[in-house]
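Take a look at the structure below.
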Amino acid sequence: MTVVDIRNIFSQRNIELFDVNSSYIYYAEEKNEDGHNNLFILEYNRANRRERLITNYTLEDPTFVEHLFAFDNTIVLVLENGTNSMWLIEVNKTTGIEQNRRKVVCTGAFRSCMALDENHLLIYMGPDEANAAMFKQYSDITGCECLCYMYDLKTNTKHFIKNPLIAKLGTSNIKKMRVSGENYLVLLDPFADEEIKKGYYEEQRWINADIRDNIWLCSLDLLEKELEAGVENITKKCIASADIKALARYMGTDGDKLYFRAKEFRTGIEKLCSYDIAADALSVEAELKAPDKSNTVFIVEEKPFGLFTVTEDKEQTAVKGIINSHADLSYNNSIGSFMTCIDNRYVVAQSVVYDEAAGFDRRIYTIYDSELDKSESYEGSCYLYGNTLVLY
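According to the working numbering, the sequence shown is numbered sequentially starting from 34.
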């Protein structure tokens, strides 16, 4: 485990980390100077421990919200204020020079966005006052609440997405994976939350609709070509599917594998499954039996995927790794609530302490070394990148 503590350069600064790799940490800082809102994009060199300004902008509109996406050579910045227009800016990561700047106008009001790769961006637009009737008609026909566009930064072309699945999912249900040099998208298509679906199962004799959870996989390169061509039925592979009698829910990814939870409502049997993309193999990793003790819960780390059982008694918390972890340890509850365990040895826990003098809560992160039986606490925020913990 590697701890990178950069809190000293962020004293009294409000920053947002958006990319961490083995050499650099990238972050944004927004502050008001002389009555102007300024956005700074910065780089921290982990080797020489120095901060470098990449570029900065004066935000003429104080309501602008920034969305940042980092790639090998570029940073893509989206500035939006919830209206029908936004700025798309592409910056060279080394020089800070703008490679592209466009004002993009779409139908509706901005909802969310995500970068598929360095050249393509998904943009989701919801109903606004001017287009409320059109969105209502669109929703009645497609079942989608948002319009979706793919913007090509190379050609500065906006493509309306006709595929209803992509339009329906939104950014939170689209996950990116890279396996054997190829880029993939995992498309999560749950019917509803678990309790609602279970309720439909219990009343299934009155229901004729196809109530189903699906998890799809598609090649990113092929998908982008199909969306540019206006294809409605995209090429995708179903990794898991569960009708009204069962449940299938995404859990996380690790290397070549994506993990999901499968549950049969009738028997209550629940299993953790994995799909190996490179090997095209589906496996059952473990049966998830309900813990014997009421004070035991499952804790999931999404990426890289890890599954733990955590049992909290009056004084001690016991942690046991189930998948992708061999952890078997315990620690004193005073250090805080369990977040994750790294290298089968280091527990990361968090606690919130109210500062009466300051009048606000302070968030404390503690790293407990189970082999040396030592702990160290930090105040601030943390960002987990593989086995690297960044404190800021």
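Just so it is clear, CB atoms sit at the ideal spot from N, CA and C, and this is done for glycine as well.
Note that the structure is a prediction, hence the values are computed from the model and not measured.
Coarse secondary structure for G369, derived from DSSP in three states: coil
What's the gap between the Cα of Y90 and the Cα of L72? 5 Å
Indicate whether I272 and D289 have their beta-carbon atoms separated by less than 7 Å. no
Between L50 and Y57, is the Cβ-Cβ spacing less than 7 Å? no
Kindly indicate which three-state DSSP category T286 falls into: helix, strand or coil? strand
Would V111 and M119 be called neighbours here (beta carbons separated by less than 7 Å)? yes
Going by beta-carbon coordinates alone, are F293 and I244 separated by less than 7 Å? no
Hey, would you say Y425 sits closer than 7 Å to D402, going by beta carbons? no
Which listed residue (A323, K322 and Y308) has its alpha carbon closest to that of S316: Y308
Checking 7 Å against the spacing of the C-beta atoms, do A281 and D246 come in under that value? yes
When the Cβ atoms of the stretch 211-219 are set against those of the stretch 130-139, are three or more pairs found closer than 8 Å? no
Can you give the Cα-Cα distance for G263 and R395, rounded to whole angstroms? 50 Å
Please go through the same chain and pick out, in chain order, the residues whose beta-carbon is closer than 8 Å to the beta-carbon of T116, but skip the five residues on each side of it. A142, F143 and D161
Taking the C-alpha atoms as reference points, what is the distance between G392 and I174? 51 Å
Three-state secondary structure (DSSP) at G232? helix
So, are the CB atoms of L198 and I207 less than 7 Å apart? no
Inspect the beta-carbon positions of I156 and L260 and report whether they are closer than 7 Å. no
Tell me where the beta strand (DSSP E) around M158 begins and ends. H153 to G159
Within a Cβ cutoff of 8 Å, which residues of the same chain sit near H153, ignoring the five residues on either side of it in sequence? M183, Y184, D185, L186 and E257
If I follow the unbroken beta strand (DSSP E) through I272, where does it start and stop? K270 to A275
Endpoints, the alpha helix (DSSP H) within which K201 is located: P197 to L202
Beta-carbon within less than 7 Å of A275's beta-carbon, same chain only, minus the 5 sequence neighbours each way: which residues are those? R245, D246, A281 and A295
If you measure between the beta carbons of D361 and K353, is that distance less than 7 Å? yes
Buried or exposed: K269, going by 16 or more other Cβ atoms within 10 Å of its Cβ? buried
Per-residue burial, K230 [other beta carbons within 10 Å of its own, 16 or more giving buried]: buried
Once you ignore the five residues that flank E265 on each side, which residues in its own chain have a CB closer than 7 Å to its CB? K195 and N196
Excluding the 5 residues flanking L321 on each side, which residues of the same chain have their C-beta closer than 6 Å to its C-beta? E303 and L305
Can you tell me whether T188 is buried or exposed, with buried defined as 16 or more other CB within 10 angstroms of its CB? exposed
Between the C-alpha atoms of E62 and I74, what's the straight-line distance to the nearest angstrom? 7 Å
Starting from the Cα of L86, find the closest Cα among F104, K126, L92 and N47 and give me that residue. K126
As a quick exercise: from P324, K326, E334 and E348, pick the residue whose alpha carbon is nearest that of G285. E334
Kindly provide the ranges of any beta strand (DSSP E) runs that are 3 or more residues long and lie completely inside the stretch 89-138, ordered along the chain. 98-103, 107-113, 118-125 and 131-138
Pick out the complete beta strand (DSSP E) segments inside the stretch 204-230, 3 residues or longer, and give them in chain order. 207-212 and 215-222
In terms of alpha-carbon separation, which member of C177, I368 and D150 lies closest to K407? I368
Using DSSP with H/G/I as helix, E/B as strand and the rest coil, what is F298? coil
Same chain, Cβ closer than 6 Å to V385, neighbours up to 5 away in sequence not counted: D394 and R396
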